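Trainee: Residue numbers (our numbering): 243 to 766. Quick reminder that beta carbons are idealized off the backbone N, C-alpha and C, glycines included. Note that this is a predicted model, so its numbers are computed, not measured. What follows is a structure written as structure tokens; I'll ask about it next.
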């Protein structure tokens, strides 16, 4: 895998460090055939002679050397703020050394015995990352706001349009969000695994997508996997692929997630939900950079970057024996903590504006205006479901809105519904007030002091309109909680698909795709 370079650009320069002459020669010849300029060293002291004499694009070093450790070279390069990308080679099974090197700033690692195809691919990635620094850089407001070093002159610009767009989707200029964006820009440059940690609804997948978009792999695929949504008996086939005839119903060869994410990023969402048996297989695939499809006798090299996410405390899961410690350390090389919405309430106006614009665009509606009073009430709401709950609130407000401005009276009963949705699943009906006609108790209650008696709610002047409103609210909530999947919403309410379509059309409920349910047949 050679790096295409214009005729005016110098060949990339590589320094190979290994104390075994045969291996050193093998690596040197492999790289020379790829068109690189190569220098070689057999010790830490000899390596520093080369480094002091010139600059390199990449440094490939063994971990154990006669006069020291390859880690010393990584630390020195980082300390001197040199631009070389370091790749370490570790012995089979020494996962701790690889993790330590990645945390110290290594670009990537290789496990001995080194697969030459993988060797060429990793070196190519390291060279591309180094040479990208020579491209004229486009300043990015979100990243430059908080340089990772804290030094205003030490910026971490993102040059790709996809990277800029991905960071812009992380709405908010609060201090916690600026720190998240700065960390994304920094960690995206390497190959080290990233663990995104945060509560449900905080936007962990958006962060993962931003890491991918800001990296040298942005042109490759981003494959997102919900680890808790795959049946346990299908996990191995889904992750690693399967050969034709390897199991009942397998009529042809199929790739797994690792193959699909080749040269890109594999995002393992809710990694804490992965069963223990699968955790050991995943660990081996990550360590060896190879997978074996079900029904195959051959290992297949894979080239993916792993980004995982969880809302769980994986430290506690390890202590409880529900998560493998070695896998945890392998995944948690670099951690990005996504703040809860309550920790960045100053971002609420911008978040609401962005969400309303998207909701309106999806529904083909004009963008409604958010009143100051409603924004104030939202700021006082707990929002334990974070950005997802906020989006749900605004979705429902737009669905029930009849004008250009969202009003507080259109949110009646909505706060209670949101609080119920943020907790464990509960029956739909109790979240909404019962019609006054059915509010009387079935048995007499003990008399209360006169001062504590509340006035009974007034009878509705139009019973049918009142009942329609109650039904409308229940349908909107059921649709929203099922992702506007009419089949799922109908099942929750104990009715048929035809019945729910009829009610959606009769009550004039508009769904995000702009139709009223009267003629839609795409209920997936």
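Are the CB atoms of residue 364 and residue 343 within a distance shorter than 9 Å?
Mentor: Contact: no.
Trainee: What is the rounded straight-line gap between the Cα of residue 277 and the Cα of residue 254?
Mentor: Their Cα atoms are separated by approximately 8 Å.
Trainee: Run the CB neighbour count on residue 312, radius 10 Å, all protein chains shown included, and call it buried at 16 or more, exposed below.
Mentor: Its Cβ being crowded by 16 or more others within 10 Å, residue 312 is buried.
Trainee: On the criterion of 16 or more Cβ atoms from any shown chain inside 10 Å, does residue 303 qualify as buried, or is it exposed?
Mentor: The residue is buried, with at least 16 neighbouring Cβ atoms inside 10 Å.
Trainee: What would DSSP say about residue 304, mapped onto helix, strand or coil?
Mentor: Correct three-state label for residue 304: strand.
Trainee: Apply the 10 Å Cβ neighbour rule to residue 478 and answer buried if 16 or more other Cβ atoms are within range, or exposed otherwise.
Mentor: Label assigned to residue 478: buried.
Trainee: Would the region 433-444 count as touching the region 595-606 if we require 3 or more Cβ pairs under 8 Å?
Mentor: Contact between the region 433-444 and the region 595-606 is absent, because fewer than three Cβ pairs lie under 8 Å.
Trainee: Given residue 515, which residues of its chain have a CB within under 6 Å of its CB, disregarding the five upstream and five downstream residues?
Mentor: So the list reads 469, 470, once near-sequence residues are dropped.
Trainee: Give the secondary structure of residue 726 by DSSP, where H, G and I count as helix, E and B as strand, and everything else as coil.
Mentor: DSSP places residue 726 in coil when its eight states are reduced to three.
Trainee: How many Å lie between residue 487 and residue 638 at the Cα?
Mentor: Going by the C-alpha atoms only, they are around 48 Å apart.
Trainee: Residue 729: buried (16+ other C-beta within 10 angstroms of its C-beta) or exposed?
Mentor: The residue in question, residue 729, is exposed, as its Cβ has fewer than 16 Cβ neighbours within 10 Å.
Trainee: Kindly identify the DSSP beta-bridge partner or partners of residue 252.
Mentor: Answer is none; residue 252 lacks a bridge partner.
Trainee: Alpha carbon to alpha carbon, what distance is there between residue 556 and residue 767?
Mentor: What the structure shows of the chain is the stretch from 243 to 766, and residue 767 is not part of that stretch, so it cannot be assessed.
Trainee: Taking the alpha-carbon positions, what's the residue 262 to residue 332 distance?
Mentor: Roughly 14 Å separates the two Cα atoms.
Trainee: If we count the other Cβ atoms within 10 Å of its Cβ and call it buried at 16 or more, is residue 606 buried or exposed?
Mentor: When all chains shown are included, residue 606 counts as exposed.
Trainee: Can you pull the DSSP bridge partners for residue 740?
Mentor: DSSP output for residue 740 lists no bridge partner at all.
Trainee: In its own chain, which residues sit with a C-beta less than 8 Å from the C-beta of residue 369, not counting the 5 before and 5 after it?
Mentor: Closer than 8 Å at the Cβ level, and outside the excluded window around residue 369, lie 245, 254, 256, 278, 299, 300, 327.
Trainee: Quick check on DSSP: helix, strand or coil for residue 412?
Mentor: Three-state result, residue 412: coil.
Trainee: Quick one: what's residue 549 bridged to in DSSP?
Mentor: 436, 509.
Trainee: What three-state label does DSSP hand residue 623 in the structure shown?
Mentor: Reduced to three states, the DSSP call for residue 623 is coil.
Trainee: Using three-state DSSP, classify residue 654 as helix, strand or coil.
Mentor: Only weak support exists for where residue 654 lies, its pLDDT of 44 falling under 50; the value from the coordinates is given anyway. Reduced to three states, the DSSP call for residue 654 is coil.
Trainee: Sorry if obvious, but does the Cβ on residue 726 come closer than 8 Å to a heavy atom of the ligand COA?
Mentor: Among the components of this structure there are no ligands whatsoever, and the ligand COA is therefore not found.
Trainee: Would residue 778 pass as a contact of residue 308 if the rule is Cβ separation under 9 Å?
Mentor: Nothing can be reported for residue 778: it is not among the residues displayed for the chain, which extend from 243 to 766.
Trainee: Please report how far the alpha carbon of residue 526 lies from the alpha carbon of residue 568, in whole angstroms.
Mentor: Distance between the alpha carbons of residue 526 and residue 568: 10 Å.
Trainee: Spatial neighbours of residue 633 within its chain, please: CB distance less than 6 Å, with the 5 preceding and 5 following residues excluded, ordered by chain position.
Mentor: Counting only Cβ-Cβ distances below 6 Å, and skipping sequence neighbours, we find 597.
Trainee: Which whole-angstrom value describes the C-beta separation of residue 546 and residue 507, a residue pair presumed to lie in contact below a C-beta threshold of 8 Å?
Mentor: Indeed they touch by this definition, with Cβ atoms about 7 Å apart.
Trainee: What are the boundary residues of the beta strand (DSSP E) that includes residue 465?
Mentor: That run of the beta strand (DSSP E) goes 464-468.
Trainee: Is it right to say residue 552 is buried, meaning 16 or more other beta carbons lie within 10 angstroms of its own, or is it exposed?
Mentor: Per the 10 Å Cβ criterion, buried.
Trainee: To the nearest angstrom, how far is the alpha carbon of residue 446 from that of residue 618?
Mentor: Computed Cα separation, rounded: 26 Å.
Trainee: Round the Cβ separation of residue 734 and residue 720 to the nearest angstrom and send it over; I've been treating them as touching at under 8 Å.
Mentor: Right, the Cβ-Cβ distance comes to about 5 Å (below 8 Å), so this counts as a contact.
Trainee: I'd like the list of long-range same chain contacts for residue 346, defined as Cβ closer than 8 Å, with 5 residues on each side in sequence excluded.
Mentor: Correct list, in chain order: 313, 316, 317, 320.
Trainee: Give me the residue from 338, 725, 742 with the minimum Cα distance to residue 305.
Mentor: Considering only alpha carbons, the answer is 338.
Trainee: Between 432, 480, 750, which has its C-alpha nearest residue 535's C-alpha?
Mentor: Nearest C-alpha to residue 535: 480.
Trainee: Apply the 10 Å Cβ neighbour rule to residue 722 and answer buried if 16 or more other Cβ atoms are within range, or exposed otherwise.
Mentor: Buried, since its Cβ has 16 or more Cβ neighbours within 10 Å.
Trainee: Quick check on the DSSP output: the alpha helix (DSSP H) that includes residue 480 runs from which residue to which?
Mentor: Element bounds for residue 480: 477-482.
Trainee: Between which two residues does the beta strand (DSSP E) carrying residue 351 extend?
Mentor: Taken as a continuous stretch (DSSP letters only), the beta strand (DSSP E) holding residue 351 covers 350-353.
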